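Enquirer: Residue numbers (the numbering used here), protein chains in the order written: chain A, 68 to 447; chain B, 2 to 280.
Glycine included, each C-beta is placed from N, C-alpha and C at the ideal position.
Since this is a predicted model, take the numbers as computed values, not measurements.
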């Protein structure tokens, strides 16, 4: 996400005030081993997709969407009111009658991810300290969206734990997150909802894992230890090599050694993430969670790709459209969703349904969660 | 793509008196409802009028402020009309320009984007105007007190609370006098771009922005701050002919470009003050 740019031939004279000049931006990585040629050639003409209004939320902003195939959850904050009113709502995708499952209880914000596994939803409440990347507090909780029961998974209210927010995911009855321990080391934790037990995942001490994602027995994470710029990074700007941990065997594998990976997501056997390729250009990449050939999907200026195993989708800041990549067809298309000139929004890919919510500023002053079926795309 | 044919703007100076009178008569911004705004300093925000902000300006600074206002007006008119917006006030505003600026990382303490923004801005003045340089530790120290016009106001910066917008404005005016900085109201992404182009392209004056990376109305406007609600400051050192402004983000310690619209939405996400640039 941090595509630093140099302007050849321009008058830009950016100089670092500290000696670690490399942190201006990582040098371009070499092609990932086994990568197929980029197929982000000129995308095909955009198919016109007509979204339906799934749920009109009114005068709130939506911070994030999450789904598990049956349920859809989202975070909201009212417009024009004092903060502290953040809520998380959930509804079944077939019947959009939402109910509130969590509210900000410490005066923080709830806009972060809302992964769902079974009847459990994981969410984060936090508050920034001043304008730093430190926090005054954070609480990572899971709520049973049927009973309202809450489990406190992790928290930081003092000490070194305030220096970063955790990244987290949930799937298959388990939640996983990264957290800095009292010695300042980055570690992964897992919570098993059926067993009601939390454990620290066993990884080599040389690794610095963050941004975990889970699918079945595989935990995918980014290892910041390989990032040459890590001394000048905070938790928001970290990158690293993409690795996986098999929870059954305890085996750790490297999915991509390139040290510029970030934002991995995993679903239905595939991992998608963003990597910074040559020229500081962001690119989407794809690999089977079991490892293998890396597909460099491409993208003009992509962020936060998601996949359902057959389609990879992302919003592209350069084209202002959603872009989709067919895993089998190996083809990228630019989607024309409705008539929105810029479809920048929070979104969740649930099966073949893409749910998204535009900012109220470009949607008549209120929020609507819309849905569009991508199943008919010729690339899927 | 804008093409420039250079021309002077004597008519711009005819508008000075009117523009200045209009500007001085109004508040720099009206406090929006919304109050506590998470990452940015909560509670009362110093929000002086332009007249209050310029009370200590020299006559040269006042004249320059008027010239810049006229230039923005002319620049916007030229662009809107489709004409080549070449504005000379007296320095011509090219269709793109990137000034010198030293990128300063907030550092391991990382609670100082406001003072870091000030230090980055001073690096540009030192380069072009030979003014005294100010390090991050110096601006951090400077801004822990309120210099002018603040009575019993808050410290302009603390690690726990952050930086007040007027605090940054005040700090920028203490250590250089080439530009008299004010909190200037803006109303659109086009305004962000135009004001930035005139200051950077015309004078090598950086422009600073502060806002929030998420808000309920505009969502996440910045591509490299997705999924997080953070209050933040950064200065602009450049702009191109495609509507982008270029910033030296002290958080990431590198340069990045955003559309004027993205920056406007970032600024507008912070609702405790009206959308403004420090200009």
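Leaving out the 5 sequence neighbours to the left and right, which residues in its chain are closer than 7 Å to residue 368 of chain A when beta-carbon positions are compared?
Expert: These residues qualify, in order along the chain: 349, 383, 384, 385.
Enquirer: How is residue 268 of chain B classed by DSSP in three states: helix, strand or coil?
Expert: The answer is helix: DSSP assigns residue 268 of chain B an H, G or I state.
Enquirer: Could you give the uninterrupted runs of the beta strand (DSSP E) lying entirely in the region 243-302 of chain A, keeping only those of 3 residues or more?
Expert: Segments of the beta strand (DSSP E) lying fully in the region 243-302 of chain A: 253-259, 264-267, 276-282, 285-290.
Enquirer: Do residue 220 of chain B and residue 413 of chain A have their CB atoms nearer than 8 Å?
Expert: In this structure, residue 413 of chain A lies closer than 8 Å to residue 220 of chain B by Cβ.
Enquirer: In chain A, which residues lie with their C-beta within 9 Å of the C-beta of residue 219 of chain B?
Expert: Near residue 219 of chain B (Cβ distances below 9 Å), the residues of chain A are 128, 426, 427, 428, 429.
Enquirer: Nearest-angstrom Cα distance between residue 251 of chain B and residue 396 of chain A?
Expert: Rounded to the nearest angstrom, the two C-alpha atoms are 42 Å apart.
Enquirer: Is the beta carbon of residue 329 of chain A sitting closer than 8 Å to the one on residue 341 of chain A?
Expert: Yes, they are a contact pair.
Enquirer: Would you please state the rounded distance, in angstroms, between the beta carbons of residue 73 of chain B and residue 196 of chain B? I believe it to be under 8 Å.
Expert: At roughly 6 Å, the Cβ-Cβ gap stays under 8 Å, so residue 73 of chain B and residue 196 of chain B are in contact.
Enquirer: Taking only beta carbons into account, state which residues of the region 192-203 of chain A come closer than 9 Å to chain B, listed in chain order.
Expert: Those residues of the region 192-203 of chain A that come within reach of chain B (Cβ to Cβ, closer than 9 Å) are 193, 194, 195, 196, 197, 198, 199, 200, 201, 203.
Enquirer: Thinking residue 332 of chain A and residue 280 of chain A are a contact (beta carbons under 8 Å), I'd like their distance in whole angstroms, please.
Expert: Between residue 280 of chain A and residue 332 of chain A the Cβ distance is about 6 Å, and since that is below 8 Å, they are a contact.
Enquirer: Taking contact to mean 3 or more Cβ pairs, one atom from each stretch, closer than 8 Å, check whether the region 139-159 of chain A and the region 199-208 of chain A are in contact.
Expert: No: the two stretches stay apart, fewer than three of their Cβ pairs being nearer than 8 Å.
Enquirer: Would you kindly work out how many angstroms separate the C-alpha atoms of residue 268 of chain A and residue 273 of chain B, rounded to a whole number?
Expert: Computed Cα separation, rounded: 43 Å.
Enquirer: Taking the alpha carbon of residue 126 of chain A as the reference point, which residue from A/440, A/177, A/445, A/434 has its own alpha carbon closest?
Expert: Measuring from the Cα of residue 126 of chain A, the nearest candidate turns out to be A/434.
Enquirer: On a CA-only basis, which of B/123, B/80, B/102 is nearest residue 172 of chain B? Give me that one, please.
Expert: Of B/123, B/80, B/102, the residue nearest in Cα terms is B/123.
Enquirer: Pull up the DSSP beta-bridge partners for residue 369 of chain A, would you.
Expert: DSSP, once it has assigned bridges, lists A/383 as partnering residue 369 of chain A.
Enquirer: I need the straight-line Cα distance from residue 52 of chain B to residue 210 of chain B, nearest angstrom please.
Expert: Each residue's alpha carbon lies about 21 Å from the other.
Enquirer: I'd like to know if the region 270-279 of chain A and the region 289-299 of chain A are in contact, where contact means that at least 3 CB-CB pairs between them fall below 8 Å.
Expert: Yes, the region 270-279 of chain A is in contact with the region 289-299 of chain A.
Enquirer: What are the boundary residues of the beta strand (DSSP E) that residue 214 of chain B is part of?
Expert: Counting along the chain, residue 214 of chain B falls outside any beta strand (DSSP E), and DSSP gives it neither H nor E.
Enquirer: Classify residue 318 of chain A: buried if its beta carbon has 16 or more other beta carbons within 10 angstroms, exposed otherwise.
Expert: Exposed.
Enquirer: Could you name the residues of the same chain whose beta carbon sits closer than 8 Å to that of residue 170 of chain B, not counting the 5 residues immediately before and after it, in chain order?
Expert: Contacts found: 54, 182, 183, 184, 279.
Enquirer: Indicate the three-state DSSP secondary structure (helix, strand or coil) for residue 117 of chain A in the structure shown.
Expert: In the structure shown, residue 117 of chain A sits in coil (DSSP, three-state: anything other than H, G, I, E or B).
Enquirer: Cutting at 7 Å between CB atoms, please list the residues of its own chain near residue 99 of chain B, excluding the five before and the five after it.
Expert: Correct list, in chain order: 238, 239, 247.
Enquirer: What's the C-alpha gap between residue 216 of chain B and residue 170 of chain A?
Expert: Straight-line Cα distance between these residues: approximately 17 Å.
Enquirer: So what's residue 222 of chain B in DSSP terms, helix, strand or just coil?
Expert: Here residue 222 of chain B sits in coil by DSSP.
Enquirer: Helix, strand or coil: which one does DSSP assign to residue 93 of chain B?
Expert: Looking at residue 93 of chain B - three-state DSSP - the assignment turns out to be strand.
Enquirer: Determine, using beta-carbon pairs with one atom in the region 211-219 of chain A and one in the region 176-188 of chain A, whether at least three such pairs fall under 8 Å.
Expert: Verdict: yes, contact present.
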